[in-house]
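Taking it in order: structure first as structure tokens, then the write-up.
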Amino acid sequence: MILIGLVLLSAARLGLVLWLYDRVAPTGQLGMIFLQGIRADLILLCIWSAIPVLLSLCWARPGLQHSWFRFSYWWCLTGLILIAFIELSTPAFIQQYDIRPNRLYIEYLKYPKEVFSTLWHGFRLPLVAGTVLTVAAALLLHRALRLPKHTLQVWPLRQHLLLWPLVVFMVFAGIRSTTAHRPANPALFAITSDAMVNSLVINSGYSVLFALYNLKHEARSSEMYGKLPETQMLNLSLNWPWLQQYDFNNAEYPTLHWQQAVKQRNKPLNIVIVLMESQGATFVESLGGAPVTPELEQLKQQGIWFDNLYATGTRSVRGIEAVVAGFMPTPAQSTVKLSNSQQGFTTLASILKKQGYHTQFIYGGEAHFDNMRSFFTGNGFQEIVDLPKINNPVLVGSWGASDEDLFRTAHQQLLALHQQQQPFFSLIFSSSNHEPFEFPDGRISLYQEPKNTAYNAVKYADWSMGRFFEQAMKSPYWQDTLFLVVADHDNRVYGSNLIPVEKFRIPGLILGADTQPEVLTTLSSQIDLAPTLLSMAGISSCHPMTGRDLLLDSTSSGRALIQFDNLFALMTEDKLTILKPDGKAVSANYNREHQQLTLSEEAVSPLQQQQALAQVQLPSYLYRERKYNDDIPCESP
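Rendered as structure tokens:
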């Protein structure tokens, strides 16, 4: 079965590559598509093999051999027929969605009447041809798998017991497919900047199985806190002072609006986001932390410093969705990982790409980690610059090239784009401040002993960033570029408080071009950064982001949204409304100076609870119903 499956899947991949060669050839990854494709095919085939391998220990015995061989035959035949069927249906799916079968392939099964009608009227030839070819394939596979009965013998029990653990190990090693931190996933095979080509690397069966696996993380996750009627939820979600100045006229896409840039420019600025790994307030002296970010403290004198900024969560992907997509947190996994947001999801890159910007992600590690490559390439990022593209790195650790290598590469990239007179949006993501905290010797005076600690790693990352900005300020692109330096989250989010609010506070700084120094004390969230950057860069656009343009309104009371494990909090100034998964809510006061959260004895009012519930229900709704799209136009007022 495995041998036939490899031949079948490789042949299907070859057919797709030949059909789509105009898209495949420019990537220059033809060999890797087939090599990594075999790896992905082995994952699928080992998954299907796992059941009979596990059952064989108790079933493949003398006396049971006839039923065992019957089961093995039908199991293998069914698997290969399913593989053939889904691969035969793949071209029509790609033609419609520009990607291999995924979550939609399963989701539409809920509507058989509509789906069959669509297939019959719009895809009649592929439907009939696919059905006929599947039947033909089934007959051929039946003959290929069938063996004469006299050749079928079970192993002696002793031989089976000796070899069974090895076979189990081989099967599960094939499923895991890597010795890295996490098992392989589709993002591992995202080897180009074209999401469709990346989908050719894997096979359709694996793509659908992974989508099925992810369904458990995304289905109505916010309803653990309760549920509001859709109209009430939308009214409360959009009832913020800074949103009152926009027109929300599209009933189908309720958060879609036109954002007019406050800053009027003859030529919009480039935008560069420097996302610092795990560099929360814990490491910033002026925010009450340790004095290990002296470069950031110096830079803040030259730009807009966010003195009261909070992360939405505790993971890098949560910070990415908030900063890059302006998307609010939910109890589910970040949208960076979820299947419904791998294409057509609004990000700064998708907005700016439509306005002629070159969009890129620059990372010292391997971009497939945490599904980043898949999410980025499917949502507006045209170029991925990661470890394989970093020349002569000073140090390559567990998480990739050192931050000085990252920032050196970033500077070279920005210089080249500027010389091409190409407007650009670049996301630079550091990684040195990550266990086991590896960085080159002789760069900094250590804050503490031993060397490999978070505080020393942050100080090194800060030093690397400082050198980058020293070069940038002397470069021709400086006057045309707006920079944001912000943390994705703090390093370890823990504490005795119900929600350790102090561990969600992060530094944020906007500088570059003609930015004037200012300290912004307004309570702000990571989701406010994208709209603010667009406005400062002079870019007016249509988008569904509900974050706050702090140029348009920096005086009204702010809010922060915090997801901590299975708790969600709406923070307004020094008060928090905390939602629990049992549908209950508690109120708390937060003393920022003493970093103390005190639960209130007063009951949470229904309106207060509904307001918080609306904030966590809205992103789940937008994600689930696909209403955070980047391709829906709206007109300027």
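The numbering of the sequence shown is the UniProt record's numbering, which starts it at 1 and goes up by one.
Positions of the beta carbon are idealized from the N, C-alpha and C atoms, including for glycine.
Alpha-carbon spacing of residue i relative to residue j, whole angstroms
i           : j    : result
W258        : S535 : 12 Å
R624        : C58  : 43 Å
L550        : T532 : 6 Å
P606        : R318 : 29 Å
N185        : F327 : 23 Å
T362        : H160 : The sequence as given places Ile at residue 362; Thr does not occur at that position. If you take the alpha carbons of I362 and H160, they lie about 50 Å apart.
A195        : I99  : 7 Å
G5          : L209 : 16 Å
R548        : I2   : 54 Å
V132        : M224 : 46 Å
R13         : D22  : 15 Å
L152        : G79  : 21 Å
L498        : Q610 : 20 Å
D386        : D574 : 41 Å
residue 647 : I81  : Outside the displayed range of the chain (1 to 637) lies residue 647, so it cannot be described from this structure.
I38         : V154 : 30 Å
Q298        : E470 : 11 Å
A367        : E602 : 47 Å
T515        : Q608 : 38 Å
L622        : K149 : 57 Å
Q342        : A416 : 29 Å
E87         : V586 : 51 Å
S620        : N249 : 21 Å
S67         : Y73  : 10 Å
F375        : F425 : 16 Å
T134        : F93  : 16 Å
Integer Cβ distance of residue i from residue j, believed to fall under 8 Å
i    : j    : result
R559 : S600 : Not really, about 18 Å apart at Cβ, beyond 8 Å.
L406 : G442 : Wrong, their Cβ atoms sit about 18 Å apart, outside the cutoff.
V486 : V323 : 6 Å
Q563 : T282 : The Cβ separation is near 19 Å, so there is no contact.
P423 : G356 : 6 Å
Nonlocal neighbours in the same chain, by C-beta distance under 8 Å from residue i, ignoring five residues either side
i    : result
F172 : C46 and A50
I175 : I43, C46, I47, A50 and P183
W120 : L127
Q29  : I191, T192 and V197
Contact set for residue i: own chain, Cβ-Cβ below 7 Å, skip 5 residues either direction
i    : result
P517 : Q301, Q302 and G303
D307 : V519, L520 and T521
V53  : V167, V168 and V171
L77  : L141, H142 and L145
A457 : S432, N433, F437 and F439
P241 : D553 and S556
D631 : G344
P62  : V154
G378 : A195, Q342 and Q343
S199 : I99, R100 and S207
R265 : G538
Other residues of its chain near residue i: CB distance less than 6 Å, five sequence neighbours each side excluded
i    : result
V24  : V17 and V197
T291 : For clarity, residue 291 is Pro in the given sequence; the question names Thr instead. Once the five neighbours on either side are set aside, the close Cβ partners of P291 are E285.
K451 : none
I510 : G303, I304 and L484
W164 : L57
I390 : A401, D405 and T409
A612 : L570, T577 and L579
A261 : S535, G538, I539 and S540
I202 : A40, P186 and F189
Y105 : V208
Q) Quick one: complete alpha helix (DSSP H) runs, 4+ long, within the region 2 to 29? A) When DSSP assignments are scanned along the region 2 to 29, the uninterrupted stretches of alpha helix (DSSP H) that are 4 or more residues long and fall wholly within it turn out to be 2 to 19 and 21 to 24.
Q | beta strand (DSSP E) runs wholly inside the region 578 to 607, at least 3 long, in chain order | A | Runs of the beta strand (DSSP E) inside the region 578 to 607: 585 to 591 and 596 to 599.
**Q.** Secondary structure, beta strand (DSSP E): runs of 3+ residues fully inside the region 500 to 551
**A.** Counting only runs that start and end inside the region 500 to 551, the beta strand (DSSP E) elements of at least 3 residues fall at 505 to 511, 518 to 520 and 541 to 543.
Q) Along the chain, which unbroken stretches of the beta strand (DSSP E) at least 3 residues long are found entirely within the region 119 to 180? A) Positions of the beta strand (DSSP E) runs, each at least 3 residues long and wholly inside the region 119 to 180, cannot be given because no such run exists.
Q) Is it true that the region 564 to 580 meets the region 461 to 478, where meeting means three or more beta-carbon pairs spaced less than 8 Å apart? A) No, they do not touch.
Q. Do the region 336 to 344 and the region 390 to 407 touch if we need at least three Cβ pairs shorter than 8 Å?
A. No, the region 336 to 344 does not touch the region 390 to 407.
Q.
Restricting to runs no shorter than 3 residues, where is the beta strand (DSSP E) found entirely within the region 281 to 346?
A. Whole beta strand (DSSP E) segments, 3+ residues: 304 to 310.
Q. Counting pairs of Cβ atoms below 8 Å between the region 231 to 248 and the region 125 to 139, do you hit three or more?
A. In short, these stretches do not touch, since the Cβ pair count stays below three.
Q: Let me know the beta strand (DSSP E) ranges lying completely inside the region 240 to 266, each 3 residues or longer, listed in chain order.
A: 257 to 259, all fully within the region 240 to 266.
Q | Segments assigned beta strand (DSSP E), at least 3 residues, entirely inside the region 446 to 487 | A | Within the region 446 to 487, the complete beta strand (DSSP E) runs of at least 3 residues are 481 to 487.
Q) Where in the region 359 to 427 do unbroken runs of the alpha helix (DSSP H), each at least 4 residues long, occur, reported from the N-terminal end onward? A) DSSP runs (the alpha helix (DSSP H)) wholly in the region 359 to 427: 372 to 378 and 403 to 419.
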